[in-house]
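**Q** In this text, residue positions in the sequence shown follow the numbering used here: the first is 1385, and each later residue adds one.
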Amino acid sequence: MGLLSTGTSLSWEDIEKWAEFIKEHGIIQFINIFNNLKERQGDLLKYGDEIEYSMISFDHKNKSVHLDVRAAEVLELLQEKERNNEKHMDSLWRMEYASYMVEGTPGKPFCCTISRIKLIETSMWLRKKELDQVLANIDPNLSSVCFSAFPRMGCPGFTNPKIEIDKTKNTISKSAFFPDEAIFLDHPRFENLTRNIRTRLGRKQTMYI
């Protein structure tokens, strides 16, 4: 996920006016940066990873599983250490496109030696453990998984809390299957991204199975 700063997102109509300007000056900026840094040597190799987690809720009584759309509440707890400016954090947490998703990264970049590569898996394990502990404190029926798409996404009642899908109220996506509330609406980026893609295409996004 790119940098998420607070600001006002532009509509596609406004973006389109500046598209060629942005392309041209983006190329100029790249050339200038490249020329300034092409002789630079001796930098340390630093690297990291990011994992997108989906939060799921188990309904053991009815033997069903739902996507839990409380990412804003979960992030509030996960980011507490960061807000308190704690120096040593094993992980950092950010919002993702959907209100049932969070993104976890290492607290700082990995560096330098081959032996450090083995720390990546440990970091991944610690992040999932941290997230699952927060989820369990909210609701013992919550857990996290990493997969491409939830099998029941788009089916009636696939979220927890349950959201009735009404395409007449889905002013952002206009979807008949995916409620706007399942988009992370606490940041304007995702709402406007969805609306702008639809506006640019001139139609709703299509789904193939």
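By construction, the Cβ of each residue, glycine as well, lies at the ideal position given by its N, Cα and C atoms.
Since this is a predicted model, take the numbers as computed values, not measurements.
#1: Please report the residue range of the alpha helix (DSSP H) in which ILE1504 lies.
#2: Note down the Cα distance separating ILE1556 from LYS1502, rounded to an integer number of angstroms.
#3: Just the C-alpha distance for SER1441 and ASP1550, rounded to the nearest angstrom, thanks.
#4: Please state the DSSP three-state secondary structure of ASP1427.
#5: Give me the Cα-Cα distance between MET1537 and LEU1510, rounded to the nearest whole angstrom.
#6: Report the start-end ranges of each beta strand (DSSP E) in the segment 1422–1468 that is 3 residues or longer and not cut off at the edges.
#7: Using CA coordinates, which residue listed in ASN1544, ALA1455, ILE1417, THR1497 is at the minimum distance from TYR1428?
#8: Could you spell out the range, first to last residue, of the alpha helix (DSSP H) harbouring ARG1536?
#9: Would you mind sorting VAL1529 into buried or exposed? The rule is 16 or more other CB atoms within 10 Å of its CB.
#10: If you reduce the DSSP assignment to three classes, tell me which class GLU1575 lands in.
#11: Please work out which residues of its chain come closer than 8 angstroms, Cβ to Cβ, to THR1543, disregarding the five sequence neighbours upstream and downstream, and give them in chain order.
#12: Would you call the CB atoms of GLU1514 and LEU1459 closer than 9 angstroms?
#13: Going by the DSSP bridge assignment, what does CYS1495 pair with across the sheet?
#14: Kindly list the residues whose CB is nearer than 8 angstroms to the CB of THR1506, restricted to its own chain and excluding five residues on each side of it in sequence; keep chain order.
#15: Is the shortest distance between the beta-carbon of TRP1477 and the beta-carbons of chain B less than 9 angstroms?
#16: Does the distance between the C-beta of SER1532 and the nearest non-hydrogen atom of the ligand SAH fall short of 8 angstroms?
**A** On the basis of the coordinates in this document:
#1: 1502–1522
#2: 43 angstroms
#3: 22 angstroms
#4: coil
#5: 28 angstroms
#6: 1435–1443, 1448–1452
#7: According to the sequence provided, residue 1428 is Leu. The question's Tyr does not apply to it. The option with the nearest alpha carbon to LEU1428 is THR1497.
#8: No alpha helix (DSSP H) holds ARG1536; DSSP gives it neither H nor E.
#9: exposed
#10: helix
#11: HIS1450, LEU1451, ASP1452, VAL1453, TYR1484, PRO1563, GLU1565, ALA1566
#12: no
#13: LYS1430
#14: none
#15: Here chain B cannot be found, since the structure has a single protein chain.
#16: This structure simply doesn't include the ligand SAH, nor any ligand for that matter.
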